[in-house]
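With the numbering used here as the guide, the letters of the sequence shown map in order to residues 163 to 337. For every residue, glycine included, the Cβ atom is placed at its ideal position computed from N, Cα and C.
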Amino acid sequence: MAAFAVAFVAAATAVFALSALAGAGVRQLAVPLHWRAVAAAVCLFALALLDVISLRRKRYCLLGMARQAKKSLLRKHGVTAVAAAWGADTGLVVTTFRVAALTWGAMILGLLGFASWWSGLAYGLAFTIPLLALLSTKTNGHRLERLLRRRPLIQSLSALLLVAAGTLFLSHSLA
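1) If you count every other CB in all the chains shown that lies within 10 Å of the CB of residue 190, and 16 or more means buried, which is it?
2) Residue 209 to residue 286, Cα distance in whole Å?
3) In or out: residue 170 buried (at least 16 other Cβ within 10 Å) or exposed?
4) In angstroms, rounded to a whole number, what distance separates the CA positions of residue 241 and residue 333?
5) Assess, as a yes-or-no matter, whether the segment 173-181 is touched by the segment 271-286 under the definition of 3 or more beta carbon pairs within less than 8 Å.
6) Helix, strand or coil for residue 333 per DSSP?
7) May I ask you to report which of helix, strand or coil DSSP gives residue 285?
8) Cutting at 7 Å between CB atoms, please list the residues of its own chain near residue 175, excluding the five before and the five after it.
9) Count the other C-beta atoms from every protein chain shown that fall within 10 angstroms of the C-beta of residue 270, then say buried if there are 16 or more, exposed otherwise.
10) Is it right to say residue 249 is buried, meaning 16 or more other beta carbons lie within 10 angstroms of its own, or is it exposed?
11) With DSSP as the reference, label residue 279 as helix, strand or coil.
12) Buried or exposed: which applies to residue 187, given that a residue is buried once 16 or more other Cβ atoms fall within 10 Å of its Cβ?
13) For residue 256, count the other beta carbons within 10 Å of its own beta carbon; 16 or more makes it buried, fewer makes it exposed. Which is it?
14) In this structure, how does DSSP classify residue 218 when only helix, strand and coil are distinguished?
15) Counting pairs of beta carbons, one from the segment 297-317 and one from the segment 194-201, are three or more of them closer than 8 Å?
16) When the Cα of residue 202 is compared with those of 320, 337, 292, 274, which residue comes out closest?
17) Measure the C-alpha to C-alpha separation of residue 307 and residue 297 and round it to an integer number of angstroms.
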């Protein structure tokens, strides 16, 4: 699982670093802060709506690719290499299933110049540390199923956070 975690954190940091680099370019183009704040608010509200729609349809986030790394990799490669590939694929944010749209919101904030590369590091660590802690305990199938059933709660919290952040950006742009 260490290979998964390291690859996840590295991929997430790279994606958010690219996002922040693009955001730095947007700032260099002298796009006014007001316009960027309004764009951020609109995007965050749209993502919140997407979470609500996903919640009502009882599905994972509707944005992004509905796929995962192929299980057939295990037949051709060792467990460590497959775990690293799976971690990198999952850490890329846009390449696999997402429970909620919150990570997309963080990337958009980077693209608009409001988030730094280290947001990817924080995201990667916030995902992998609890995962490693969970897997280091005696986890059974029932406990994992219980966690997976929390999708509606996670999507609801994501929608609330996106609306709150969007409201802050909108109030800043009106000030």
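On the basis of the supplied data:
1) One-based indexing of the sequence shown puts residue 190 at position 28. By the 10 Å Cβ count, residue 190 comes out exposed.
2) For this step, residue 209 is matched to residue 47 along the sequence shown. For this step, residue 286 is matched to residue 124 along the sequence shown. Roughly 21 Å separates the two Cα atoms.
3) The count along the sequence shown starts at 1 and reaches residue 170 at position 8. So residue 170 ends up on the buried side.
4) The residue you call residue 241 lines up with position 79 of the sequence shown. The residue you call residue 333 lines up with position 171 of the sequence shown. One C-alpha to the other measures close to 49 Å.
5) yes
6) Position 171 of the sequence shown, counted from the start, is the residue given in the question as residue 333. Here DSSP, grouped into helix, strand and coil, assigns residue 333 to helix.
7) Here residue 285 refers to the residue found at position 123 of the sequence shown. It is helical.
8) Residue numbering aside, residue 175 sits at position 13 when the sequence shown is read from its first letter. Around residue 175: 279, 282, 283, 286.
9) Against the sequence shown, residue 270 aligns to sequence position 108. With 16 or more other Cβ atoms within 10 Å, it is buried.
10) Within the sequence shown, the letter at position 87 stands for residue 249. Residue 249 counts as buried, since no fewer than 16 other beta carbons sit within 10 angstroms of its beta carbon.
11) Your numbering for residue 279 matches position 117 in the sequence shown. Coil at residue 279, not helix or strand.
12) Reading the sequence shown from its first residue, position 25 is the one you call residue 187. Classification of residue 187: exposed, given that the 10 Å Cβ count is below 16.
13) Within the sequence shown, numbered from 1, the residue matching residue 256 stands at position 94. Answer is exposed; the Cβ neighbour count stays below 16.
14) Counted from its first residue, the sequence shown places residue 218 at position 56. Helix at residue 218.
15) no
16) The count along the sequence shown starts at 1 and reaches residue 202 at position 40. Among 320, 337, 292, 274, the Cα nearest to that of residue 202 is on 274.
17) Residue numbering aside, residue 307 sits at position 145 when the sequence shown is read from its first letter. Residue numbering aside, residue 297 sits at position 135 when the sequence shown is read from its first letter. About 14 Å.
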